[in-house]
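One structure is given here, and the rest of the page talks about it.
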């Protein structure tokens, strides 16, 4: 994890002056400012990444503002960091070269909700949770549900290809993006994708934009696929005496062909963190599963029965509770929801990774994390989307001097993940934070190919510089 | 539709001689040949596209053969057309510049079927239907089911992002490709993607390869996502007195949140074509729906009941038959399965398009097709995946002199499709056949961007030239 900015070219003072002047003229001072306080508020996101405060802040009020900003920035040679909700966990919205932060959070229009064709057309500043509410009123459903859904925005969700617990059944953001409008450096506007579920006309440029972490273009519109809102939901909470047995119960459910919408797991250290906040959890429990099924009422009843039967017959089960109404369900989710808060209280600092391993290797990963934690003497807890093999390994510490050990632990975690056939990131992206580990997973040939793709969109490398890829000639920073 | 090859640069005789010599040396004459008869067999696919027979045929027996071929071809400046099953419908595997056809049908290894992690690792020459059988024996399921599944191959399915009837519930090939190994011109090998369901490390290069119609790289391996095999299947056949009413019954099912795996529709002309082959269909019927649900037995029973109720209450229903065992189901699918044969018997030539419109516009499209057919006096019939809005509009003719009218009808169909918010191709790709219409749907900026992406993979534009994009400077050929 880098706490300092990677090497990038800073804009010159004269380039900044020129860009600022042109932006003020083109957009007006209400939308483009050099005010230091205003700019400072856009220097960080919800990761630990430390960047360099932007010199100019643009808050776009229209696509046209985005186009003008990208045209002026390119002509002046000033880097641009796009930003929507700023809730990213790997520094994707953190400017590392100063320059311009181009904020799209004021583009909040829901242009269309098409019930018949199951789609919505929205701007990048729409808050994900608000989109959920809006479409659910129409009997529709937008599945991606990142933990930050109360404040994260569609633009950032697309940029990072966000996931969430429901991804086990429904897949991640990518599966719900039919098309986008994206503005490129220089001001080109690209509309790609479709309004239909199927479509194979040309390359899948839409898929290339999704997950590109704001390095290829700035989203100004997204056409999102919706599904019918599930009519029933049921939640099951299962406590186990050992994490290994909880993980094996997950494998058994999946092997039996069950597809609940969420399959969350919390390990013993996570349960202890929750207990420390005054939540009563059976003292015999050393692991928790939270399983949620949705669909038609009959199908959900049937799933609930089968999940219950499968768990009950599994070794190590301590307790099993099911909930079908909303308030019972909320109680079962309480422990999961308070997790972020609970971990923040037991240590001053935390880094939450989001590695993914093939499902069958979850137990192996947990064992390796224990070994790593012991070796580096770093406190840790693990929870996450066990159904997907996507685990949030949290390393916790209190003193700055512990930091070097934490860094070694993270590096060892990344190596273990790749060694087990996994991937560095399931939903947070690479951003700044994971650049040093990219070459663990990807060959130099693949990294070079991606750099070349980046230059097609942004030949001067001014859009969100210092993200995803290590500096040329350095396989790791 | 082009019946002649688009303008591309043919290789020189000396370049061909050099390439042939080097290929024979590197691979041996059993794998690389200039035999005219052998080459002629690789001049066409299952489209009407007419290309130029390759000068050299390479039948690769390993990844290494593919790498060597692409390295030699680039160094000699000879174009390469990759090919797997050769069942494409838009000419993707048809060489238009002669040169080398690089066949991967002999790479038939199924390297791995991982039950626990629900994935398979296969070579490009594996026949899709054989993969179905193999994984179903293990209780798993590979959903994409293009009509040609008995002979089409995974390599071509990935290249064209193939669909099939089951795409309504399960999505198309793209949704099942976790990662690929692809060889680029010059011989670079790129492995991208993952073995996990989630993963957001870097750009989605895998998605860029899928559907790129063999213009970016040649697949030598694919890691495919599998799902648990559904335990039960039920099929419903519904006859309607009017296509418009059948289409509205489809909309009603979808609006009610039902997600059968297939939702196929056949119009009156299609039913007549089937009747002409001696299949008895209620004479009152002017449209047919074929609906198939799968899942757990209880869920399927429930779906069957609901689908039946919804259809029964719909105006215009003539007859309704349900089938749950395999032989009953096969009888209901008989009409759909014999369609290709039936249409070939009623006319000498046919062109089957695969346009997609938003579901709510299906009736509008059918009406426009009638108007177009009448205006150009061209016989036509329409069937296809109504659930996805993906319709196979077939134009039929007997005399070469009718061809100009057919071409005008196809152009009008493409314009109508885009006008209704649709896309030119749902599963066949652009290939050669649809190049003239690409600019109806995509902006010059988007087409140029894709050309630039192509050059990242293939700077000399030697891999599958003359496909997807019109020649530079011509928005239409």
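Protein chains in written order, with our numbering: chain L, 21 to 497; chain S, 21 to 497. All C-beta atoms, glycine included, are put in the ideal place defined by N, C-alpha and C.
- Shown here, residue 134 of chain L sits in a strand according to DSSP, grouped into three states.
- Here residue 383 of chain L has 264 and 267 as same chain residues with Cβ atoms under 6 Å from its own Cβ, once five neighbours each way along the sequence are excluded.
- Distances from the alpha-carbon of residue 99 of chain S to those of S:133, S:148 and S:32 put S:32 closest.
- Annotation: Cβ neighbours of residue 187 of chain S in chain L (cutoff 7 Å, chain order): 218.
- For residue 403 of chain S, there is no enclosing alpha helix (DSSP H); the enclosing beta strand (DSSP E) has its first and last residue at 399-405.
- Residue contact with chain S for residue 210 of chain L: present (Cβ-Cβ distance below 8 Å to some residue of chain S).
- With distances taken between CA atoms, residue 260 of chain L lies nearest to L:337 out of L:428, L:349, L:215 and L:337.
- Taking residue 204 of chain S as the centre and dropping the five residues before and after it, the same chain places the C-beta of 237 and 477 closer than 6 Å to its C-beta, in chain order.
- Among the residues of the region 91-113 of chain L, none has a Cβ less than 8 Å away from any Cβ of chain S.
- Pairing residue 88 of chain S with residue 482 of chain S, the inter-Cα distance amounts to about 15 Å.
- The alpha-carbon separation between residue 285 of chain S and residue 474 of chain S amounts to approximately 37 Å.
- DSSP places residue 260 of chain S in the strand class (E or B) of the three-state scheme.
- Nearest to residue 206 of chain S by alpha-carbon distance, out of S:91, S:199 and S:240, is S:91.
- In this structure, S:229 is the residue among S:167, S:435, S:229 and S:124 with its C-alpha nearest to the C-alpha of residue 179 of chain S.
- Among the residues of chain L, none has a CB under 8 Å from the CB of residue 88 of chain S; the nearest is roughly 17 Å distant.
- Along the region 364-379 of chain L, the positions whose C-beta sits under 7 Å from a C-beta of chain S are 376, 377, 378 and 379, read in chain order.
- By the C-beta criterion, the region 28-47 of chain S is judged not to be in contact with the region 267-277 of chain L, since fewer than 3 inter-stretch pairs fall below 8 Å.
- For the set L:269, L:256, L:211 and L:201, the Cα lying nearest the Cα of residue 240 of chain L is the one of L:201.
- The three-state secondary structure of residue 483 of chain L, taken from DSSP, is strand.
- In this structure the region 410-425 of chain S does not lie against the region 131-147 of chain S, because fewer than three pairs of beta carbons, one per stretch, are closer than 8 Å.
- Counting other Cβ atoms within 10 Å of its Cβ, residue 374 of chain S reaches 16 or more and is therefore classed as buried.
- With a contact defined as Cβ atoms closer than 8 Å, residue 445 of chain S and residue 221 of chain L qualify at about 5 Å.
- Around the CB of residue 421 of chain S, fewer than 16 other CB atoms lie within 10 Å, so the residue is classed as exposed.
- Within the model, the alpha-carbon separation for residue 331 of chain S versus residue 177 of chain S is close to 34 Å.
- Under the DSSP definition of a beta bridge, residue 339 of chain L partners with L:259.
- Nearest CB-CB separation between residue 194 of chain L and chain S: below the 8 Å threshold.
- Rounded to the nearest whole angstrom, the C-alpha separation of residue 120 of chain L and residue 217 of chain L is 36 Å.
- Put simply, of L:246, L:189, L:381 and L:170 the residue whose alpha carbon is nearest the alpha carbon of residue 199 of chain L is L:246.
- Beyond the five residues adjoining it in sequence on each side, residue 83 of chain L comes within less than 8 Å, by CB distance, of 127, 201, 203, 209, 240 and 241 in the same chain, given in chain order.
- Between residue 186 of chain L and residue 163 of chain L, the gap from beta carbon to beta carbon is short of 8 Å.
- For residue 246 of chain L, there are no neighbours in chain S by C-beta distance under 9 Å, as the nearest C-beta there is about 11 Å away.
- One finds nothing in chain S with a Cβ atom closer than 9 Å to the Cβ of residue 297 of chain L; even the nearest lies about 29 Å away.
- Chain L places a beta carbon closer than 8 Å to that of residue 223 of chain S, counting this residue as a contact.
- For residue 196 of chain S, the closest C-alpha among the options S:158, S:248, S:319 and S:234 is that of S:248.
- Separation of the CB atoms of residue 405 of chain L and residue 283 of chain L is rounded to 7 Å, and the pair is thereby assigned contact status at 8 Å.
- Partner residues in the beta bridge of residue 203 of chain L, as assigned by DSSP, are L:209 and L:238.
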